[in-house]
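Asks: Here it is, the structure in full.
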């Protein structure tokens, strides 16, 4: 079917409804009614406005379609059937089944899906990232269409997205809000008050178009208008949940419930029966992303012993890695603290200020990753906790993003616990497929920034506020998954393990122990995930399996946890004293706070003495 | 000073500026310029509008003052000096010093501080919680005044707060936005565009009052108006950062920087010198919170072997614990899934629907905790990650809140990974002073809900989607920090450790092992933090130190991590096989997904056989 009248589109919409019902009833779970409300809008989009080459999902000129309301996956997959890229059989037998790519909520195991959704309030922020890429980097005229639920308008992250979309004048972004007035457990906050939504959206700088979401003429006009807008468009579509089947239409109690088989039969009859239309929508115009000249990456070099903060090395190395034209930096309004501003000075056109909106910052990185860019997002480590749901979902999105968290631990001193990040390592280690790096000096930090650019998945680097001596010469290498023996002798009786600031404390402790006649090995665990189990086992074996781990982090799930898990996996048993921040810290100097937390050189040395003499 | 003319208030404002400069210069860090912009508004508030008995900070009739822009702590502490509750000496020698209560950002170690701030975008959502308590629970006429920064208006959480404040008609809440147009690294998104702010705030249902934030007459009138409003008020105060000292006023580069000593001297001269006014503002009218009759808590009782989901037991027990009139429940629009709705049916007046706004949900709990209520907030465990920064900060706020996360792990089945929560245990264990509970059956879940109500700090319960057999008789007790040996014999060769759904898999594995002639002990680790180290050591010692841990969570920082940390702390060495979710799961049945993840009964039995025979 190629030329589509509104009647044709209506037929398609009914097919999408029928298929949404059929596949969810077959699966015994899913959200048919949330799919039926949006079927008219999606039918019109698919046939007349989405410029997409279904055979070539990687075509850079393609439009992007994101279901921020990921639970409407039956609708999305029914669209894929209508586009001819999945069969009716796959839809009916695969939906929500083990091993199938048609998961309960969309994920990029499907080539036509950009990002995983299902945690509400994320698809639109992700779409902002894709639209940023389109407008400022690719410089391609593709459009980003995001289907949003009305319930998710209660998530603050949606407003971060509208705000940034307007700030960056993302006229290539269209949000379609399926205002079906019913959430999971009952009516939404604003019901069908399109006017209230419109006021909010307009106040945030976007163009609101309220429509009857079941009037194909209105829908078509609104979608056409969106394509010509000079700012982001938000189509507010008043719809009815379960539209088209009277027994459930606009009724409570039908969220996330497939229709029982008999009901499904009645619904299909009411909707005019099964159809198997294959439609052809508009194609993208041929186009290639703008290319930029590539330079040579020349990492900063630091003099041994010079005092340089790892956060500064991060920023300087990021600026160096920026010689790669695909590297992009995102700031959470603290670029002068994280030193991301070093990149901004050199490559302002590839630096996006996201202000204090960490969720949107991470989501923008995900969106940039969709288009193949190499985004680095930086803020205080403590404030990455604000975006944890986004980071968690990034892993499911198979996004490749790099996060840098500065000012970690009690070492920050006077600002106090709100700024300290004492749970970030636990948080980041638990993310699927993540990499967690924690360099102790500028040389290793700079090297690892370059590694981050090469690495896939969610890659996190923790940096330190204060300036500490450079430990390694400029040409030393720091493979991800490695560790460094910083000090050793054949007589070592104990291994001291640190990373970041505590490595320096370990070195000072080793000095102190040396004066007491105790020889201590020191291990720099700059890569916490993956972790160098061999290096840990070797160090333990060489030092009587006596280990002290010191970390500027709460005791649960951090460096100590990583080390214990590694030894357990290796079935290698050790005597380990674990020094970590056990109380709630206040303000003070770094030295005072590390001493109080029991992670100072003196406390490390004491623990080592206890082990050796005990 | 008791009767305050506007001239008096000006004098006080200058004192607040001078003291903000003096204390931050003395400390060598802090945010004087962010304090100076808001000094006029705060001087007027303190003298004429804040009804507060400074000698009795626990007076329930007191107004509440929250600095959402916590970095303006010099201003807040200068107000405390002006109120006569801290001395000039404490301010000058204590600010940001080790061991002092005048921390870099405010925390409730000070009796006049309700909540810790410093992570932006949290003080206002917390204030919404306090205002909810005032209007709906205490039924007292106290007002909640929140000083916000303009930079933090970029945080989505602020818009969750405005939205909920309007939804709940919190006319007792006034946000004062200090629009000084400069953030940390440069101008804010909206600068001095008060009109843009006003449109947004009005669109969200609040009443905006734009003023010149240095005109005491305008300020006074706006604050007076706020006190008489019928909906939440947002005073948009156009101010100049560093106001009153020409060298820094409205200039970039002075965020978070104390003035050098010489500059501070010049500033103090320009501001008219040091002053030591003590002011008396309005007192609260005498009043007591509404009391409600207390009932007897009668926990639900479950028949041994009956299949009951722990999430249902949570909801039923919560409804039972609701006999305590201080227990409040908060829902994130999934009350029919978490079963928090069981509470709503019984106590609708103590149930607050927060819709899909998890950050505001947790913040509201914190605010209710400020007023001594016993809040329980529930959503899918996966979506608590959305509020992690709020949970982290709750610990610093010394809040007592209870969180329940349902639908944890691959066990949820068809909905797929976006809904699974495979990092929540790591996340929650790392929170300072947290309690982490993970019951396996309805009896223990119900008992632990009652324990949660009694317990302080951040208390988390993870619940399971599916219904599994009740394992314990109704009168069994489950102290927090305990564990249960569910199955044992003198011949046990291995201990199987599980919690939640994996405990049932451990029991099935023990059956299977029994058929192979291997006797296995089974330990129910329902309390993950605190953890029962004695029980772990006893079980290990009795079973040849052979252990299998199975968890429906990623491998890092979860149950395995907790067990390893406990054995390490006890210096007790074991052979442990750790079964956890190592791949990225998709959709499927619970059984398929647990088998694929390697945490099924069969996989547990195989690991045990490997240990015993290996």
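Residue numbers (the working numbering), protein chains in the order written: chain A, -4 to 609; chain B, -4 to 609. Note that beta-carbon positions come from the ideal geometry of N, C-alpha and C, so glycine has one too. Just so we're clear, the structure is a prediction, and the values are computed from it rather than from any experiment.
Within the continuous alpha helix (DSSP H) that includes residue 83/A, where are the two ends?
Replies: Taking the first residue of the first chain as position 1, residue 83/A is located at position 88. Note, residue 83/A: alpha helix (DSSP H), 83 to 89.
Asks: If I follow the unbroken beta strand (DSSP E) through residue 401/A, where does it start and stop?
Replies: Taking the first chain and counting its residues from 1, the one referred to as residue 401/A is at position 406. Residues 396 to 401.
Asks: Given that a residue counts as buried once 16 or more other Cβ atoms are within 10 Å of its Cβ, and exposed if not, what is residue 299/A?
Replies: For the purposes of this step, residue 299/A is taken as residue 304 along the first chain, with counting starting at 1. Burial call: exposed.
Asks: For residue 502/A, I'd like the list of residues in its chain whose CB is within less than 6 Å of its CB, leaving aside the five on either flank, ordered along the chain.
Replies: Mapped onto the first chain, residue 502/A falls at position 507. 517, listed in sequence order.
Asks: Pick helix, strand or coil for residue 451/A, following the three-state DSSP scheme.
Replies: Stepping through the first chain from its first residue, residue 451/A is reached at position 456. Looking at residue 451/A - three-state DSSP - the assignment turns out to be coil, as it is neither helix nor strand.
Asks: Taking residue 499/A as part of the beta strand (DSSP E), name the residues at either end of that continuous run.
Replies: The count along the first chain starts at 1 and reaches residue 499/A at position 504. Here residue 499/A belongs to no beta strand (DSSP E); instead the alpha helix (DSSP H) covers 496 to 510.
Asks: Beta-carbon within less than 7 Å of residue 39/B's beta-carbon, same chain only, minus the 5 sequence neighbours each way: which residues are those?
Replies: Position 44 of the second chain holds residue 39/B. 4, 211, 214, 215, 218.
Asks: From the DSSP output, in three-state form, read off residue 516/A for me.
Replies: Against the first chain, residue 516/A aligns to sequence position 521. Here residue 516/A sits in strand by DSSP.
Asks: So which of 446/A, 130/A, 351/A, 231/A has the shortest CA-CA distance to residue 316/A?
Replies: Counted from its first residue, the first chain places residue 316/A at position 321. Cα-wise, what sits closest to residue 316/A is 446/A.
Asks: Rounded to whole angstroms, what is the Cα-Cα separation between residue 429/B and residue 415/A?
Replies: As a working note, residue 429/B is residue 434 in the second chain. As a working note, residue 415/A is residue 420 in the first chain. Going from the Cα of residue 429/B to the Cα of residue 415/A covers about 17 Å.
Asks: Within the present structure, is the beta-carbon of residue 368/B separated from the nearest heavy atom of the ligand FMN by less than 8 Å?
Replies: You won't find the ligand FMN in this model; it holds no ligand whatsoever.
Asks: Using a Cβ cut-off of 7 Å, pull out every chain B residue sitting near residue 194/A, in sequence order please.
Replies: Residue 194/A sits at position 199 when you count from the first residue of the first chain. 198, listed in chain order.
Asks: Return helix, strand or coil for residue 18/B, following the three-state DSSP convention.
Replies: In the second chain, residue 18/B corresponds to position 23, counting from 1. In this structure, residue 18/B counts as helix in the three-state DSSP scheme.
Asks: Starting from the beta carbon of residue 552/B, find every residue of chain A whose beta carbon is closer than 7 Å, and list them in chain order.
Replies: Within the second chain, numbered from 1, the residue matching residue 552/B stands at position 557. The answer, in chain order, is 421, 424, 425, 551, 552, 556.
Asks: Examine chain B for any beta-carbon lying closer than 9 Å to the beta-carbon of residue 153/A, and answer yes or no.
Replies: Residue mapping note: residue 153/A aligns to position 158 of the first chain, counting from 1. Judged by the 9 Å Cβ criterion, residue 153/A is in contact with chain B.
Asks: Where residue 249/B and residue 237/B are concerned, what is the direct C-alpha to C-alpha distance, given to the nearest angstrom?
Replies: Numbered from its first residue, the second chain carries residue 249/B at position 254. Numbered from its first residue, the second chain carries residue 237/B at position 242. Residue 249/B and residue 237/B: Cα-Cα distance of roughly 8 Å.
Asks: If you count every other CB in all the chains shown that lies within 10 Å of the CB of residue 474/A, and 16 or more means buried, which is it?
Replies: Here residue 474/A corresponds to residue number 479 of the first chain, with the count starting at 1. Result: exposed.
Asks: Quick one: list the residues of chain B neighbouring residue 331/A, beta-carbon separation under 8 Å, in chain order.
Replies: Counting from one through the first chain, the residue named residue 331/A turns up at place 336. Neighbours of residue 331/A on chain B, chain order: 179, 180.
Asks: Out of 12/B, 276/B, 410/B, point me to the one whose CA is closest to residue 28/B's CA.
Replies: In the second chain, residue 28/B corresponds to position 33, counting from 1. Cα-wise, what sits closest to residue 28/B is 12/B.
Asks: Please report whether the beta-carbon of residue 412/A lies at a distance below 9 Å from any beta-carbon of chain B.
Replies: Position 417 of the first chain holds residue 412/A. For residue 412/A, the answer is yes, since a Cβ of chain B falls inside 9 Å of its Cβ.
Asks: Return the CA-CA distance between residue 225/A and residue 202/A, expressed in angstroms with no decimal places.
Replies: Mapped onto the first chain, residue 225/A falls at position 230. Mapped onto the first chain, residue 202/A falls at position 207. About 9 Å.
Asks: Label residue 50/B either buried or exposed according to how many other C-beta atoms from any shown protein chain fall within 10 Å of its C-beta, with 16 as the threshold for buried.
Replies: Translated into positions along the second chain, residue 50/B becomes position 55. Residue 50/B comes out exposed.
Asks: For the alpha helix (DSSP H) that residue 572/A lies in, which residues bound it at each end?
Replies: Residue mapping note: residue 572/A aligns to position 577 of the first chain, counting from 1. Not the alpha helix (DSSP H): residue 572/A falls in the beta strand (DSSP E), residues 570 to 574.
Asks: Looking at the secondary structure, which residues open and close the beta strand (DSSP E) in which residue 203/B lies?
Replies: As a working note, residue 203/B is residue 208 in the second chain. Residue 203/B -> beta strand (DSSP E) spans 202 to 207.
Asks: Is there a C-beta anywhere in chain B that falls below 9 Å from the one on residue 91/A?
Replies: Position 96 of the first chain, counted from the first residue, corresponds to residue 91/A. At least one chain B Cβ lies under 9 Å of residue 91/A.
Asks: With a 10 Å radius around its C-beta and 16 neighbouring C-beta atoms as the bar for buried, classify residue 264/B as buried or exposed.
Replies: Here residue 264/B refers to the residue found at position 269 of the second chain. Exposed, because fewer than 16 other Cβ atoms sit within 10 Å of the Cβ of residue 264/B.
Asks: Is the distance from the Cβ of residue 152/A to the Cβ of residue 25/B below 9 Å?
Replies: Within the first chain, residue 152/A is the residue found at index 157, counting from 1. Within the second chain, residue 25/B is the residue found at index 30, counting from 1. Not in contact: residue 152/A and residue 25/B (Cβ atoms no closer than 9 Å).
Asks: Looking only at DSSP bridge pairs, what is residue 348/B linked to?
Replies: Position 353 of the second chain, counted from the start, is the residue given in the question as residue 348/B. BP columns for residue 348/B point to 326/B.
Asks: Ends of the beta strand (DSSP E) at residue 544/A?
Replies: Position 549 of the first chain, counted from the start, is the residue given in the question as residue 544/A. From DSSP, the beta strand (DSSP E) with residue 544/A extends over 541 to 545.
Asks: What residue range does the beta strand (DSSP E) around residue 482/B cover?
Replies: The residue labelled residue 482/B in the question sits at position 487 within the second chain. First-last of the beta strand (DSSP E) with residue 482/B: 479 to 482.
Asks: Using 8 Å as the threshold, is the region 130 to 139 of chain B in touch with the region 183 to 197 of chain B, meaning 3 or more CB pairs across them?
Replies: Short answer: they don't touch.
Asks: Taking CB distances under 9 Å as the criterion, tell me whether residue 568/B reaches chain A.
Replies: To locate residue 568/B, count along the second chain from 1; it is residue 573. For residue 568/B, the answer is yes, since a Cβ of chain A falls inside 9 Å of its Cβ.
Asks: Out of 405/B, 297/B, 261/B, 164/B, which has the shortest C-alpha to C-alpha gap to residue 580/B?
Replies: Numbered from 1 along the second chain, position 585 holds the residue referred to as residue 580/B. Looking at the Cα atoms, 405/B is the closest of the given residues.
Asks: Taking the straight line between their C-alpha atoms, what separation do you get for residue 327/A and residue 352/A?
Replies: Position 332 of the first chain, counted from the first residue, corresponds to residue 327/A. Position 357 of the first chain, counted from the first residue, corresponds to residue 352/A. Answer to the nearest angstrom: the Cα atoms are 6 Å apart.
Asks: Shorter than 9 Å from the beta carbon of residue 371/B to some beta carbon of chain A?
Replies: Counting from one through the second chain, the residue named residue 371/B turns up at place 376. It does not: the Cβ of residue 371/B has no partner Cβ on chain A nearer than 9 Å.
Asks: Starting from residue 233/B and walking both ways along the beta strand (DSSP E), at which residues does that stretch end?
Replies: Here residue 233/B refers to the residue found at position 238 of the second chain. Residues 228 to 233.
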